[in-house]
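Have a look at the structure below, then the notes.
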Amino acid sequence: MSKEHDRGMTIIVKTVTRLTVGLIFLYGIYIILHGHLTPGGGFAGGVIVALSFINVDLAFGGKVSDRIFSKGSTSVIEALGGVMFLALALLGLQWGGFFDNFLHPDGEPGMLISAGIIPLENIAISLKVGAGLFAIFLTLITLQKFESEKK
Amino acid sequence: MITASTIPLFVALPLAGAFLTVLLKRIKGIPDTFGVMVTIGTFVMSVFAVIQLEIGQRIICNIGNWGGFQEVLGKIVGIQLVVDGLTAFMLVVVNLIAFLVAVYSVNYMTRYTEKWQFYSLFLLMLAGMNGVLITGDMFNLFVFVEIASIASYALVAFGTGKRELEASFKYAVMGSIASLLILLGVILLYSNTGTLNMADMTRILAGRDHPALLYFVFALFLAGFGLKAALVPFHAWLPDAHPSAPAPISAMLSGVLIKALGVYVIARVFYNLFGFPHEVSLILMTLGAISMGVGALVALRQWDLKRLLAYSSISQVGFIMLGLGIGTPLAILGALFHLFNHSMFKSLLFLDSGAIEYAAHTRDLKEMGGLAKKMPITNGSTIIGAMSLAGIPPFAGFWSKLIIIVAAVQASHMKLAAWAVLMSIVTIAYVLKAVRFAFLGELKKQFANITEVPAFMRVSLIILALVCLFGGLLLIPDLRNGFLGQAVEVLTRVSGV
Amino acid sequence: MDAYLPYVLCLVLFCIGIYAVISKRNIIKIIIGVIIAEYAVNLFLILVAYKAGGRSPIFSRTQEILPEAMVDPLPHALVLTSIVIGLATTAFLIALAVRLYGKYGTFDISRMRELRG
Amino acid sequence: MIELYVLIGLMIAGSLIAIEVKNLLSAVVAVGVVGLGLSIIFLILKAPDVALTQIVVEIAAVVLLIRATLNRDIAMKYCGNRPFGAIMGILFTGFVFVIALITFKDGLNLFGAPLMTVSQFYPLNAIEGTGATNVVSAIILDYRAYDTLGEATVLFTAVVGVLTVMRSPGKKKEEDLQDSK
Numbered sequence: 001m002s003k004e005h006d007r008g009m010t011i012i013v014k015t016v017t018r019l020t021v022g023l024i025f026l027y028g029i030y031i032i033l034h035g036h037l038t039p040g041g042g043f044a045g046g047v048i049v050a051l052s053f054i055n056v057d058l059a060f061g062g063k064v065s066d067r068i069f070s071k072g073s074t075s076v077i078e079a080l081g082g083v084m085f086l087a088l089a090l091l092g093l094q095w096g097g098f099f100d101n102f103l104h105p106d107g108e109p110g111m112l113i114s115a116g117i118i119p120l121e122n123i124a125i126s127l128k129v130g131a132g133l134f135a136i137f138l139t140l141i142t143l144q145k146f147e148s149e150k151k
Numbered sequence: 152m153i154t155a156s157t158i159p160l161f162v163a164l165p166l167a168g169a170f171l172t173v174l175l176k177r178i179k180g181i182p183d184t185f186g187v188m189v190t191i192g193t194f195v196m197s198v199f200a201v202i203q204l205e206i207g208q209r210i211i212c213n214i215g216n217w218g219g220f221q222e223v224l225g226k227i228v229g230i231q232l233v234v235d236g237l238t239a240f241m242l243v244v245v246n247l248i249a250f251l252v253a254v255y256s257v258n259y260m261t262r263y264t265e266k267w268q269f270y271s272l273f274l275l276m277l278a279g280m281n282g283v284l285i286t287g288d289m290f291n292l293f294v295f296v297e298i299a300s301i302a303s304y305a306l307v308a309f310g311t312g313k314r315e316l317e318a319s320f321k322y323a324v325m326g327s328i329a330s331l332l333i334l335l336g337v338i339l340l341y342s343n344t345g346t347l348n349m350a351d352m353t354r355i356l357a358g359r360d361h362p363a364l365l366y367f368v369f370a371l372f373l374a375g376f377g378l379k380a381a382l383v384p385f386h387a388w389l390p391d392a393h394p395s396a397p398a399p400i401s402a403m404l405s406g407v408l409i410k411a412l413g414v415y416v417i418a419r420v421f422y423n424l425f426g427f428p429h430e431v432s433l434i435l436m437t438l439g440a441i442s443m444g445v446g447a448l449v450a451l452r453q454w455d456l457k458r459l460l461a462y463s464s465i466s467q468v469g470f471i472m473l474g475l476g477i478g479t480p481l482a483i484l485g486a487l488f489h490l491f492n493h494s495m496f497k498s499l500l501f502l503d504s505g506a507i508e509y510a511a512h513t514r515d516l517k518e519m520g521g522l523a524k525k526m527p528i529t530n531g532s533t534i535i536g537a538m539s540l541a542g543i544p545p546f547a548g549f550w551s552k553l554i555i556i557v558a559a560v561q562a563s564h565m566k567l568a569a570w571a572v573l574m575s576i577v578t579i580a581y582v583l584k585a586v587r588f589a590f591l592g593e594l595k596k597q598f599a600n601i602t603e604v605p606a607f608m609r610v611s612l613i614i615l616a617l618v619c620l621f622g623g624l625l626l627i628p629d630l631r632n633g634f635l636g637q638a639v640e641v642l643t644r645v646s647g648v
Numbered sequence: 649m650d651a652y653l654p655y656v657l658c659l660v661l662f663c664i665g666i667y668a669v670i671s672k673r674n675i676i677k678i679i680i681g682v683i684i685a686e687y688a689v690n691l692f693l694i695l696v697a698y699k700a701g702g703r704s705p706i707f708s709r710t711q712e713i714l715p716e717a718m719v720d721p722l723p724h725a726l727v728l729t730s731i732v733i734g735l736a737t738t739a740f741l742i743a744l745a746v747r748l749y750g751k752y753g754t755f756d757i758s759r760m761r762e763l764r765g
Numbered sequence: 766m767i768e769l770y771v772l773i774g775l776m777i778a779g780s781l782i783a784i785e786v787k788n789l790l791s792a793v794v795a796v797g798v799v800g801l802g803l804s805i806i807f808l809i810l811k812a813p814d815v816a817l818t819q820i821v822v823e824i825a826a827v828v829l830l831i832r833a834t835l836n837r838d839i840a841m842k843y844c845g846n847r848p849f850g851a852i853m854g855i856l857f858t859g860f861v862f863v864i865a866l867i868t869f870k871d872g873l874n875l876f877g878a879p880l881m882t883v884s885q886f887y888p889l890n891a892i893e894g895t896g897a898t899n900v901v902s903a904i905i906l907d908y909r910a911y912d913t914l915g916e917a918t919v920l921f922t923a924v925v926g927v928l929t930v931m932r933s934p935g936k937k938k939e940e941d942l943q944d945s946k
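Chains as they are written, first to last, in this note's numbering: chain A, 1 to 151; chain B, 152 to 648; chain C, 649 to 765; chain D, 766 to 946.
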């Protein structure tokens, strides 16, 4: 069989991961988008999304999500999230101040599209946190490989 | 020029610089350019802030446009940023050093890999320090202290050798515990006063007797911020962390980080928030005197140039704390002026030690010797910085030490004054030792073909040397009122001394 | 005393964390100490915020909830921030631990003697 | 509130196990249990946002701890206390503890009765002012969004810091430097 089957955990873990990881990912997205209505928000959702990738990495022994995200691209996504958050803050200067919630009168409270820039900020934070956590994970795991090769 | 809506730029500019450095790291020269441009920008803004402020005036920025609710509730619901005389003074010190260090690093950091990470962390550290200086909110202060601290842990480990990693681990563990103590103190204050805004807290605390809880908060803040300032019982991280960091970062750590996160916050919290109670005055004077002695005496025994300078920093922070502890207007003036001078000459000396390391590849005083002929600019600037540190007239360091000692005599703390004079003499001794072994004497064979350092490094050294040389001019009444005077006024106004 | 008992228990937890940082030689145990102290401080914030018989600070479209009945929401926001800061510190400490292990082949800090003297 | 005391007691027991047990893997698992207990306490104390975040972060931290450090053979070896470490630790923590016991009674609000001078504003005005029904979200992303910018920056700093620490080598070699000059 291919090399992928040698790496990672047992077939049971792999199967369960295959079945659940999509749900975990979707749950993370849900938490991010409903941050202004229900418990959760950009931070918790971002970590959940990152954990879904980490889950794949752990079960299939790395390299699988490496194909989608390299270490470099995660830090780029993270910086993009940061720039987006800062840009939202600076856009407020146009309307009245740093971090002015300039969109909030639109939308009915309690609906998905409401609360002005809060959902946008949630998305920015989730990008930053999710990518950041995954970058930390990848860095710590890749170096481990590098070290064992040395020995 | 500086209005309420431009104050956030002190933080937003370095942050944007750091994020964009990471995004555009592939393009050659981008990190250096961003580093230098951003620090020029914040430095110019801080100078404008000093020029624009009148004595006793402050500029307040309400973040998120929540200022209007102040009238409704009588309380502040959002976060406020405040720039007053003391803040403006500290902003000038921090951003001037940051600018010179950024210029210096263009050449120096070519010795290390991954320059973009250096500039990104450097800008984050600057953003953290500026954030600490301009914030008017207790919890926000904690958040920015953490940004600056984590960036500095990483920068200490930048060389990723054994020493660097170990020093960084020690520093990171002690620093995180200090941060937790600070956070605990902030929570207790919140629980007692029901607000996080510093001005509100001052109003609430001033109107009644101090409850016993507040003394626990004093202890927590003294331990937490005292650790960031490397006061003596909490100084263990500094002599390892400063020598391990790359020279520009040693200059930043010793020159401004321990002052922005430690000394400034202690002054701000104990003078403005708590109204400078008598017990704190005693504790600050005691800790200051002990730091002065321990730092100076241990520095005398060091043979590693950067380690010697690190212990000297502990000793000089002791001088500043002594001035703050005495608490008369003259003593505060001396303390703040010494803070300014120490930032300048200690950064200069660390950059000089970096220049020597860059050219001669050693930090051990026993291996050096005779470098004066080969490196005239480094030699000249080191001597100016060292004389300022030793307190030789007419260099700037002399005047600030003189003011502190005179203030101690005036406040009839004769023993402290005598102790300060004694420690100044010890300072002269270790400074002479460093200069003698590094620059004078026979030129060793292995240094036959070393050259002076590259252009960018020279520029920084020359500018800092000039500041040390003419720093005493800041005491001329016109200049003093505009710069140091407005900072002193902030601290004396509320304490009512 | 009963009104302060939760605070005191929380402080015990904090002291356990500090004790581990001061007395342990193993890097992982020191990191664990820092994590436990962080937990204790976060718990303290939430304890300070609790209002007897209060409700969680979230409005609902199907249920009438009085704003006066809610617990103090401000410390909740502060804890969210402090949890993230804790995660950042922990991640950084773990990275340092991994590198130190690579250099020395042990997690015992008393065997790392580069800086003494 | 008996369940609160039981849970805190469980956390204290768990953390004692975590710092004293000889096997490091058990120690990390015990920390995981402590974090889980903390998350349930947050739920009991009506802080669902915090509970969700806590449990998620808990998982991330434990995964990082186990994956990055503990799958090495020698790592499992236990090393004891520092000389005098235990005595110093007990003295210090005892000192903090006694001072806290004395001072808590004068100044700290009673458990279950927060002061709420400023914070009563947020539930009353969150929907009108920001449009968010989750008051905690309204605070972290609007009233105190600047804090959240700082928080995101802390994590960003940690990521760059981890990249910095993990890179190897840190310094260029001398001969490379000669070439570039």
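Built from N, CA and C at the ideal position, the CB exists for glycine as well.
Beta-carbon spacing of residue i, residue j below 8 Å
| i | j | result |
| --- | --- | --- |
| Leu522(B) | Phe598(B) | yes |
| Ser804(D) | Ile782(D) | no |
| Ser319(B) | Ala329(B) | no |
| Ser395(B) | Arg514(B) | no |
| Ile666(C) | Phe857(D) | yes |
| Tyr698(C) | Gly800(D) | no |
| Leu615(B) | Leu625(B) | no |
| Tyr908(D) | Val228(B) | yes |
| Ala169(B) | Ala249(B) | no |
Cβ neighbours of residue i in the same chain (closer than 6 Å, five flanking residues each side left out)
| i | result |
| --- | --- |
| Leu880(D) | Asn874 |
| Val245(B) | Met280, Val407 and Ala411 |
| Gly81(A) | Ala124, Leu127 and Lys128 |
| Gln467(B) | His493 |
| Lys14(A) | Ala59 |
Cβ-based neighbour list, residue i, same chain, cut-off 8 Å, excluding 5 preceding and 5 following
| i | result |
| --- | --- |
| Ile831(D) | Leu790 and Val793 |
| Val689(C) | Phe662 and Ser730 |
| Met1(A) | Unreliable positioning characterises Met1(A) in this predicted model, as indicated by a pLDDT of 39, which lies under 50. The coordinate reading is nonetheless provided below. Closer than 8 Å at the Cβ level, and outside the excluded window around Met1(A), lies no residue. |
| Leu335(B) | Leu371 |
Sheet register partners of residue i (DSSP bridge)
| i | result |
| --- | --- |
| Gly877(D) | Lys699(C) |
| Asn899(D) | Ile706(C) |
| Tyr731(C) | Note that residue 731(C) corresponds to Ile in the displayed sequence, not to Tyr. Looking at the DSSP assignment, Ile731(C) forms no beta bridge with any residue, so it has no partner. |
| Tyr263(B) | Lys936(D) |
| Asn348(B) | Asp288(B) |
| Asn674(C) | Asp756(C) |
| Met766(C) | Examination of residue 766(C) is not possible in this model, given that chain C is present from 649 through 765 alone. |
Cβ neighbour criterion (16 or more within 10 Å) applied to residue i
| i | result |
| --- | --- |
| Asp814(D) | buried |
| Arg419(B) | buried |
| Leu516(B) | buried |
| Gly469(B) | buried |
| Asp629(B) | exposed |
| Glu785(D) | exposed |
| Gly753(C) | exposed |
Opening and closing residue of the beta strand (DSSP E) in which residue i lies
| i | result |
| --- | --- |
| Val233(B) | Gln231 to Val234 |
The alpha helix (DSSP H) enclosing residue i, as first and last residue numbers
| i | result |
| --- | --- |
| Asn281(B) | Lys266 to Ile285 |
| Asn213(B) | Premise fails: Asn213(B) lies in the beta strand (DSSP E), Ile210 to Asn213, not in any alpha helix (DSSP H). |
| Gln819(D) | Pro813 to Leu830 |
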